[in-house]
Every structure is written in C-alpha cells, then in structure tokens.
Amino acid sequence: MNGFIHSTESFGTVDGPGVRFVVFLQGCPMRCKYCHNPDTWKMNTGSLRSAQSLINEYERNRPFYRKGGITVTGGEALMQIDFVLELFTLAKARDIHTCLDTSGVTYHPGESAYNEKLDKLMEVTDLVMLDIKHIDNDDHKDLTGHENTGILAFARYLAEKDIPVWIRHVVVPGITDDPGQLTRLGEFIGGLPNVKALDVLPYHIMGVRKYQELGIPYPLEGVKPATKQQAMEAKKIILTAYWQVKRRLEKG
Ligand code: SF4
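Start counting the sequence shown at 39; every next residue gets the next number (my numbering).
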C-alpha cells in the first residue's frame with residue numbers, strides 16, 4: 039500500500055526513545071493556531087511511497103537505530119490509518135520499535151469500523167505520543183478548530199489497552215498556560231495509569247515563514263514565544279496535580 043508522505047527524517051532524536059527514523063505523513067484536519075507545519079495540512083498530496091520502501095530505508099541505516107525505531111507523525115498520522123497499520127505490521131515483523139505521534143482527533147468512540155482498525159494498529163504499536171493541546175473543550179475548539187472530547191476519549195482508550203503513552207503539551211503564553219487549566223490537565227493525566235512521560239514544550243515561532251510562503255495569515259501574530267522557564271513552570275503545575283491524583287488513587 040502507498041501512503042502520502044510529506045517527508046522523512048533519518049536521525050530523529052525528539053520523536054520517541056533513541057535515534058529514530060521519522061515519517062511525516064501528509065494531511066491534517068486540525069488547524070492549531072501554533073502549528074509550525076502548515077505545509078502538512080493538505081490531504082492527498084506529497085510523495086506516494088509504499089510501506090515496504092520505508093522499511094527498506096530504515097533497514098539501510100539499521101545499526102544507527104539500536105535503541106530507537108520508527109516514528110510516524112504528521113500532519114495527523116491516523117488520517118492514513120490503513121497505511122500506518124501496514125507499516126507498523128511490517129516493522130514489528132522485523133522487531134522494530136514503533137511509535138505513533140498523534141493528536142488523537144480522528145477517534146470517535148462510536149465508530150466501530152474505524153475502531154476495529156485502531157485495535158489492530160495498537161497490537162503493533164509500542165508507544166503513543168499524544169498531544170493534549172488544551173484540556174478545556176471550548177478553548178481547545180478555539181485553538182484547533184476541533185473539540186477535545188474524542189481526544190480525551192482516545193487517551194482513556196489507550197489506558198484501557200495499556201499502551202504506553204507520552205503526553206505532550208505546548209505552552210502558548212496567554213492561551214495554554216492558565217494555572218487552573220494546567221491543573222485540570224494534570225488531574226486528567228493523573229487518572230491514566232499508562233502515562234510514562236510528560237513533555238511540556240515552549241511555543242516557538244519557527245513556522246511563521248511557512249505561513250508567509252503559503253500565503254496564510256499567521257493566527258498568533260503578536261504572541262510572543264514561551265521561554266523554557268515558562269514551560270518548566272507549567273510542567274510543575276501539571277505534575278503537582280498529577281501526583282495528587284496518583285496519591286489519592288493509591289490510597290484508594
Ligand atoms: S495537529 Fe499537528 S499538524 Fe495538525 S494542525 Fe495541529 S500542530 Fe499542525
């Protein structure tokens with residue numbers, strides 16, 4: 039099967055454990071205001087490549103990936119779930135660690151045909167990196183154009199399946215750094231037994247040039263990038279709430 043590929047990166051170090059072969063899939067239904075990859079939004083474009091050709095490319099550099107593996111990201115990787123399923127099935131047959139980087143936006147609890155595919159995909163997925171962009175539904179909608187109810191349901195689905203998850207949150211000053219909302223986020227992930235890591239990243243403006251090239255107005259014009267210090271403070275708030283919930287659950 040062929041997939042629409044935006045690009046690949048041979049030696050990724052921030053998209054999962056170890057050094058990784060990172061596949062950026064084309065197409066995303068979200069419109070996050072801070073997205074730095076608007077060039078991945080358009081569906082059904084990019085280079086058409088087979089899952090096998092990506093595995094072959096991985097195999098050529100295999101010695102470099104000893105503690106790593108393959109990460110599929112985007113765009114939104116789950117927009118091409120059949121392709122990811124084939125790629126990860128081929129990868130697992132070769133004992134390659136598989137990581138799915140997703141926003142979870144394609145998940146809807148009632149869609150049985152899609153969810154059957156997702157169940158199969160989870161059988162060949164070692165790790166999910168899940169973005170929770172805003173814990174508040176209205177604010178999430180304002181930030182991304184989509185509700186977060188399906189995304190939070192997807193997080194619970196992963197917990198039920200006991201799939202290891204790394205949670206990611208981007209700190210945008212004045213938009214995703216409200217202490218009360220960060221506490222809510224911490225409380226939510228504190229209730230998930232499968233969370234293995236939390237990555238809190240400062241918002242940056244490195245994608246602005248791409249908007250200019252594409253002729254799209256930059257949605258966060260005038261919003262300053264977040265500092266590492268702001269991201270660290272946000273992480274502290276999330277983790278405080280996270281551990282409070284964990285301790286409460288442990289006590290029963
Ligand atoms: S989900 Fe990712 S690729 Fe899609 S708009 Fe948001 S940040 Fe961009």
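C-beta atoms are modelled at their ideal positions from N, C-alpha and C, and glycine is treated no differently. From a predicted model like this one, the values you see are computed outputs, not experimental measurements.
The residue among Glu225, Gly212 and Pro147 with its C-alpha nearest the C-alpha of glycine 188 is Pro147.
Within a 10 Å sphere around the beta-carbon of histidine 207 sit 16 or more other beta-carbons, which makes this residue buried.
The beta-carbon distance between valine 162 and leucine 196, rounded to whole angstroms, is 14 Å. This is too long to meet the 8 Å contact definition. Note: tryptophan 79 is not bridge-paired with any residue in the DSSP secondary-structure output.
One Cα belongs to glycine 107, the other to aspartate 133, and the distance between them is close to 9 Å. With a 10 Å radius around the Cβ and a threshold of 16 neighbouring Cβ atoms, phenylalanine 49 comes out exposed.
Between threonine 46 and valine 61, the gap from beta carbon to beta carbon is short of 7 Å. At a cut-off of 6 Å, the beta-carbon of methionine 81 does not count as near the ligand SF4: no heavy atom of the ligand is closer than that. Assignment of proline 240 by DSSP, reduced to helix, strand and coil, places it in the strand class. Bridge pairing for serine 91: absent [DSSP].
It is roughly 8 Å from the alpha-carbon of glutamine 250 to the alpha-carbon of tyrosine 256.
Nearest Cα to lysine 273 within the set Ile243, Glu259 and Val210: Val210. Shown here, leucine 230 sits in coil according to DSSP, grouped into three states, outside any helix or strand. If you check the C-beta of asparagine 75 against the ligand SF4, you find a heavy atom less than 6 Å away. When rounded, the separation of the alpha-carbon atoms in leucine 223 and glycine 245 is 26 Å.
Of the candidates Gly56, Ile173 and Asn40, the residue whose Cα lies closest to the Cα of arginine 104 is Gly56. Ranked by how close their Cα comes to the Cα of valine 110, the residues Ala264, Val283, Thr127 and Arg69 have Thr127 in first place.
Contact between isoleucine 276 and leucine 220 is confirmed by a C-beta separation of about 5 Å, below the 8 Å threshold.
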